[in-house]
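To start, the structure under review is shown below, and the notes come after it.
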Amino acid sequence: MSTTQMELELPGFGPSLPDLASYDWILANISGGKDSMAMLYELVQHARAAGVLDRIVCVHADLGSAEWEGTKELAAEHAAAFGLRFEVVARKGGDLIDRIEERGMFPDADNRWCTSDFKRNPVRTLITRLVQTSRDAGHTGRVRILNVMGIRAEESPKRRKLLAFSHEGSWTCPCEECVPKRAKAEQYKARKQKVPKGVGPGWGASNTLRHVDVWYPVHAWSAMDVWAAVEVSGLRVHPAYLAGMPRLSCKFCVLASKSALVLSAQLNPEPAARLARIEKKIGHRFRNDLSMAEIIAEADRSPRVEAVACWQG
Ligand code: SF4
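To convert a position in the sequence shown, counted from 1, into my numbering, add 727.
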């Protein structure tokens, strides 16, 4: 497709396109948001060309009442538009808002337990199920899985450092990339030293039964590239964008800009009030620099925010 790729100084792209036919399953993580719509459209084109469309499984990590209304249904609609299998995964127990109340704390940029508990870990349970399906069908050897996400470099400095394609290594992965990394880390452990960051094989989803790689097909894309792909895809966009939100995500993401949070509070007064009540009850601010009560106060005294261009800052 003709997109203007961003000129970014990225750490490297790896293979521009993974060999899709070499994977048993291709897992498309779809949130219902614009980046995952563009990712899905791009993935479908490549998978169709490689003759492996039937290996794609779309997965939506359900965050419950933290999400915008209709998000799960929209993600299902996006998968159905291409005739793809659709799975919903969720953490056992209450949803993200319940969990904030239970833990007595909000997540933050350094401690994003919301992502690990409500997205990464539930998706891994699906990976386990897919591996079992392959084994039940007589697959021998490790099952190969490509985990595909709509992450973009432009979104944050942390995401800019990611590779568009990499192996999800782990301590139990027997591949030629992980084994030497593990050996090096073991040397530190033997000396009773802390293993430096980036030295070990990582805590990815691979293990003795599965080889998991991760691919971000739209990593180098600009927001304009994404919107162009969304338009070509013909997929329906969530009304939150039409109301001026720059991203879908949670209604009140701890990483969002103040203006995005204020607009969201204007659009979602009840959920905002619920979070403010929780904030008061647990005695922990939504964010160090910004409380939910302050967001609501700003939403009440400001004219309706038309549109927010930027997520961060
Ligand atoms: S959108 Fe924000 S608050 Fe919600 S799970 Fe992601 S990082 Fe956490």
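Yeah, the Cβ is synthetic: ideal placement off N, Cα and C, and Gly gets one too.
Residue i, DSSP secondary structure in three states
i, result
"GLU1021", "helix"
"LEU994", "helix"
"LEU823", "helix"
"ARG879", "coil"
"VAL779", "coil"
"GLY1040", "Since pLDDT at GLY1040 reaches only 48, below the 50 mark, its modelled position is unreliable, and no value is offered."
"ILE872", "strand"
"TRP795", "coil"
"CYS902", "coil"
"ALA755", "strand"
"VAL922", "coil"
"CYS785", "strand"
"SER897", "strand"
"ARG1004", "helix"
"HIS773", "helix"
"ARG909", "helix"
"VAL1035", "coil"
"THR730", "Any reading at THR730 must be qualified, since the residue scores a pLDDT of 44, below 50, and its modelled position is unreliable; no value is offered."
"CYS977", "strand"
"ASP837", "coil"
"ARG937", "strand"
"ARG1014", "strand"
Residue i CB to nearest heavy atom of the ligand SF4 below 8 Å
i, result
"ARG839", "yes"
"PRO834", "yes"
"LEU982", "yes"
"SER1018", "no"
"SER763", "no"
"PHE845", "yes"
"SER792", "no"
"THR842", "yes"
"SER976", "yes"
"LEU990", "no"
"LEU969", "no"
"LEU823", "yes"
Element boundaries [alpha helix (DSSP H), containing residue i]
i, result
"HIS805", "798-808"
"VAL816", "Unbroken run through VAL816 is the beta strand (DSSP E), 812-816; no alpha helix (DSSP H)."
"ASN848", "848-863"
"LYS885", "884-887"
"LEU969", "966-969"
Proximity of residue i and residue j at Cβ, strictly below 9 Å
i, j, result
"HIS938", "ARG847", "no"
"ALA987", "CYS980", "yes"
"GLY896", "GLY931", "yes"
"ASP789", "VAL815", "yes"
"ILE783", "ALA774", "yes"
"LYS761", "VAL964", "yes"
"PRO923", "GLU904", "no"
"SER758", "SER976", "yes"
"TYR943", "VAL926", "no"
"ILE824", "ARG1001", "yes"
"ARG871", "TRP752", "yes"
"GLY791", "GLY810", "no"
"ASN1015", "ASP844", "no"
"TRP954", "GLU881", "no"
"ARG879", "HIS946", "yes"
Where the beta strand (DSSP E) through residue i begins and ends
i, result
"TRP948", "Neither: TRP948 is in no beta strand (DSSP E) and is coded neither H nor E."
"SER893", "892-894"
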